[in-house]
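Here is the structure we will look at.
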DNA sequence: CCTCATTGTTGCAATGTTTCGAAACAATGT
DNA sequence: ACATTGTTTCGAAACATTGCAACAATGAGG
């Protein structure tokens with residue numbers, strides 16, 4: 002029972018860890034509306050294709066996205082739509098907390 | 002505009018990073034129903050008070066929890082309820098993806 | 001007022017993890 | 001064969017986590 006609980010939190014943490022990088026959030030956002038191949042994503046995000054590939058494989062490892070080979074390309078698509086709502090909720094919470102922390106004055110449109 | 006976007010993803014990532022540790026998820030779950038002082042949390046989670054304090058300060062830094070001094074104790078309480086829904090969604094997504102990854106056979110009650 | 005016990009936080013050093021870019025490698029289609 | 005696209009490997013740098021010890025803050029009792 003204790004082990005089950007620990008495992009539960011480990012699984013959750015793995016998923017959050019996959020989301021815990023600005024570039025991966027950017028890639029997820031790009032994948033919101035359509036599938037993209039790695040080279041498109043790398044170009045759009047302004048990073049090396051090897052870096053993009055690694056970020057994508059992390060997202061895939063926790064089931065947030067899926068890939069499919071199409072000829073010489075590998076197309077990625079969003080698997081878990083709820084992650085975008087989570088991201089929005091996260092953003093709202095972060096903005097709110099930041100406003101409170103900084104006294105409500107600046108930043109955060 | 003580009004900067005704004007980057008900042009947005011950085012803020013989101015900071016929040017997910019705070020959630021990306023099993024112990025912090027455990028602490029959040031403990032805080033679900035009532036306030037706890039640091040020593041209670043440390044005892045319940047089986048960790049050193051200094052470690053608990055550091056985890057809690059990370060959660061507080063992104064606005065997920067808040068603290069209040071009561072005498073010699075410092076009580077923490079959950080600030081962002083939506084984080085628990087997020088955690089549940091995360092767990093479901095992780096469980097689903099794990100099932101798919103492992104072929105549906107084992108684990109995950 | 002002063003000392004003491006209790007509770008939290010911070011500094012530090014050791015250990016482990018993550019990220020990055022370049023280069024090597026693999027897979028596919030022409 | 002060759003060009004294109006993705007993935008893996010490697011080392012270096014940055015970052016995160018831990019436990020202990022030192023420190024700070026609060027309240028109780030003499």
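Protein chains in written order, with the working numbering: chain V, 2 to 110; chain H, 2 to 110.
C-beta: ideal position from N, C-alpha, C; glycine also.
All of these numbers come straight from a predicted model, not from anything done at the bench.
Check, Outcome
"For residue 107(H), decide whether its Cβ has a neighbour in chain V, counting only Cβ atoms nearer than 9 Å.", "With a pLDDT of only 42 at residue 107(H), under the threshold of 50, the placement of this residue in the model should not be trusted, and no figure is reported."
"Pick helix, strand or coil for residue 88(H), following the three-state DSSP scheme.", "helix"
"Going along the chain, which unbroken runs of the alpha helix (DSSP H) with 4 or more residues stay wholly within the segment 30 to 58 of chain V?", "39 to 46"
"Kindly list the residues whose CB is nearer than 7 Å to the CB of residue 64(V), restricted to its own chain and excluding five residues on each side of it in sequence; keep chain order.", "80 and 81"
"Under 7 Å Cβ-Cβ, which residues of chain H neighbour residue 20(V)?", "17"
"Flag this pair as yes or no: are the beta carbons of residue 27(H) and residue 6(V) separated by less than 9 Å?", "yes"
"What residue from 11(V), 16(V), 3(V) and 2(V) has the CA that sits closest to residue 61(V)'s CA?", "16(V)"
"Between residue 73(H) and residue 86(H), what straight-line distance do the alpha-carbon atoms span, to the nearest angstrom?", "33 Å"
"Can you pull the chain H residues whose beta carbon is under 9 Å from the beta carbon of residue 2(V), in chain order?", "Simply none; closest approach about 11 Å."
"Of all Cβ atoms in chain H, is any one closer than 9 Å to the Cβ of residue 77(V)?", "no"
"Residue 76(V) bridges to which residues according to DSSP?", "38(V) and 69(V)"
"Looking at the structure shown, is residue 81(H) part of a helix, part of a strand, or coil, going by DSSP?", "coil"
"How big is the Cα-Cα spacing for residue 31(V) and residue 78(V)?", "10 Å"
"Hey, could you find the ends of the alpha helix (DSSP H) residue 19(V) is sitting in?", "3 to 20"
"Does residue 106(H) pass the burial test, meaning 16 or more other C-beta atoms within 10 Å, or should it be called exposed?", "Unreliable placement is indicated for residue 106(H), whose pLDDT of 40 sits below 50; the coordinate value is still reported in the next sentence. With fewer than 16 Cβ atoms within 10 Å of its Cβ, residue 106(H) is classed as exposed."
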